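Engineer:
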Amino acid sequence: AQSVAQPEDQVNVAEGNPLTVKCTYSVSGNPYLFWYVQYPNRGLQFLLKYITGDNLVKGSYGFEAEFNKSQTSFHLKKPSALVSDSALYFCAVRDGPNDYKLSFGAGTTVTVRA
Amino acid sequence: DAGVTQSPTHLIKTRGQHVTLRCSPISGHKSVSWYQQVLGQGPQFIFQYYEKEERGRGNFPDRFSARQFPNYSSELNVNALLLGDSALYLCASSLGRTGDYTAFFGQGTRLTVV
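Chains B and H, in that order, are what the protein sequence lines are. When the letters of the first sequence are read in order and numbered with the working numbering, they come out as residues 19 to 132. When the letters of the second sequence are read in order and numbered with the working numbering, they come out as residues 113 to 226.
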C-alpha cells in the first residue's frame, strides 16, 4: 500500500527566506505526486503535481517541487517566502495510473514571520 | 468558472442521526471523490465515483454510503452517527480520464456530532 510521510509537523521561516517542506513516499509502482495547501476552515487548494518528465516541477504562487526517485522524496520549495504562505501543506500520492485515490501525509504547518 | 461546491458548509447532528452531504463537481468533470479529514490529520479516502459507478471504497464502515447522479453531482450519506464522525468532509472532482489525475477540492462540510 502506498504511503506518504511529512517528517516535520511545523516549519517556521522569516519572510524573504527560502521555504522547504519535506515529503517522502512509498509506492509499489510509479508515483504520481501532488502538493496541496489548506488555509484555516477551507478546503484543499492544488499547488502542483509530478506525473512524469522533468524532476523539477513549477506550480502556483511561486512554489516548485523536486522529484528524487532514488531518495523517494518530493520536497516543496519556495525561494522567498511570504507571510501569506502561512498555511497547512499536504503531500499526496497515487500509486500509478490505475490508482483512484490520493493518500495524504499528516500535513506540515508553515508559519512565515514578518 | 465555478469550482467544486459543497453543501451545507456546517451542520450539527446528534448521535444516532443520519446526515446527507452534497457535492457538485467542476463542469465537465465526471469523477467525484469523498474524503474525511479529522482535526490534525490528513484527509482519508472514503469513496470515488466515476460515471455513476463506484470505482473505489476506503476503509470505512457500511454506515457510510454514496452515490453519483446523472449530472455527476454526488451525495455522501452517513447513518447512525457517532461522535467520532465529527470531521471536515471534503469532496474532490476530476476529469477521471486516464492521464489526468488532478483532483480539485471543495471548501468542505464541517460536521459536528454531539
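For glycine and all other residues, C-beta sits at the position ideal for the given N, C-alpha and C. Given the structure is predicted, the values throughout are model-derived calculations rather than measurements.
1. Could I get the ranges of all uninterrupted beta strand (DSSP E) runs contained in the segment 134 to 217 of chain H, with 3 residues as the minimum, in chain order?
2. Which residues, in chain order, does the segment 97 to 127 of chain B contribute to contact with chain C at a C-beta distance below 9 Å?
3. From the DSSP secondary-structure annotation, give me the bridge partner or partners of S91 (chain B).
4. How is S147 (chain B) classed by DSSP in three states: helix, strand or coil?
5. The beta strand (DSSP E) that contains T129 (chain B), what's its start and end?
6. Which residues in the same chain as P120 (chain H) place their Cβ atom closer than 7 Å to its Cβ, once the five residues preceding and following it in sequence are excluded?
7. Exposed or buried, which one is T132 (chain H) when buried takes at least 16 other CB atoms within 10 Å?
8. Measuring alpha carbon to alpha carbon, tell me which residue in B:N73, B:S121 and B:Y54 is nearest V111 (chain B).
9. Just the Cα atoms here: how many angstroms apart are L66 (chain B) and L100 (chain B)?
10. Taking V75 (chain B) and F85 (chain B) to be in contact with their CB atoms under 8 Å, please state how far apart those CB atoms are, rounded to whole angstroms.
11. What does the alpha-carbon distance come out to for the pair A105 (chain B) and V55 (chain B)?
12. Starting from P49 (chain B) and walking both ways along the beta strand (DSSP E), at which residues does that stretch end?
13. Return helix, strand or coil for D72 (chain B), following the three-state DSSP convention.
14. Would you say F64 (chain B) reaches chain H, if we count a Cβ-Cβ gap shorter than 9 Å as a contact?
15. Using DSSP's beta-bridge definition, name the partner residues of N30 (chain B).
16. Could you check the C-alpha separation between K96 (chain B) and V22 (chain B) for me, to the nearest Å?
17. Can you tell me where the beta strand (DSSP E) holding L223 (chain H) begins and where it ends?
18. Going by Cα to Cα distance, which pick from B:L62, B:G114 and B:Y68 is closest to E82 (chain B)?
19. With respect to the beta strand (DSSP E) encompassing H130 (chain H), which residues constitute its N-terminal and C-terminal limits?
20. Beta-carbon within less than 6 Å of G170 (chain H)'s beta-carbon, same chain only, minus the 5 sequence neighbours each way: which residues are those?
21. Along the chain, where does the beta strand (DSSP E) that runs through D113 (chain B) open and close?
22. Below 6 Å CB to CB, which residues in the same chain sit around F92 (chain B) once its five sequence neighbours on both sides are set aside?
Structural biologist: Let's see:
1. Within the segment 134 to 217 of chain H, the runs of beta strand (DSSP E) that reach at least 3 residues and sit entirely inside it are, in chain order, 143 to 149, 156 to 162, 165 to 169, 176 to 180, 186 to 190 and 199 to 206.
2. No chain C appears in this structure, whose protein chains are B and H.
3. DSSP, once it has assigned bridges, lists B:T42 and B:N86 as partnering S91 (chain B).
4. Since the displayed chain B opens at 19 and closes at 132, residue 147 (chain B) lies outside it and no answer follows.
5. Residues T126 to R131.
6. When the five nearest sequence neighbours on each side are left out, the beta carbons in the same chain lying within less than 7 Å of the beta carbon of P120 (chain H) are those of T221, in order along the chain.
7. The residue in question, T132 (chain H), is exposed, as its Cβ has fewer than 16 Cβ neighbours within 10 Å.
8. The shortest Cα separation from V111 (chain B) among B:N73, B:S121 and B:Y54 belongs to B:S121.
9. Each residue's CA atom was taken as its position, placing L66 (chain B) and L100 (chain B) some 18 Å apart.
10. Right, the Cβ-Cβ distance comes to about 7 Å (below 8 Å), so this counts as a contact.
11. Cα-Cα distance, rounded: 7 Å.
12. Where P49 (chain B) is concerned, the enclosing beta strand (DSSP E) stretches over P49 to Q56.
13. Coil.
14. So, interface residue.
15. Paired residues: B:T129.
16. Spanning the two alpha carbons is a distance of roughly 21 Å.
17. Start and end: T221 to V225.
18. Looking at the Cα atoms, B:Y68 is the closest of the given residues.
19. It is not in any beta strand (DSSP E) - H130 (chain H) carries neither H nor E in the DSSP assignment.
20. Contacts found: F157 and I158.
21. Unbroken beta strand (DSSP E) run through D113 (chain B): A105 to D113.
22. So the qualifying residues of the chain are C41, L51, A83 and F85.
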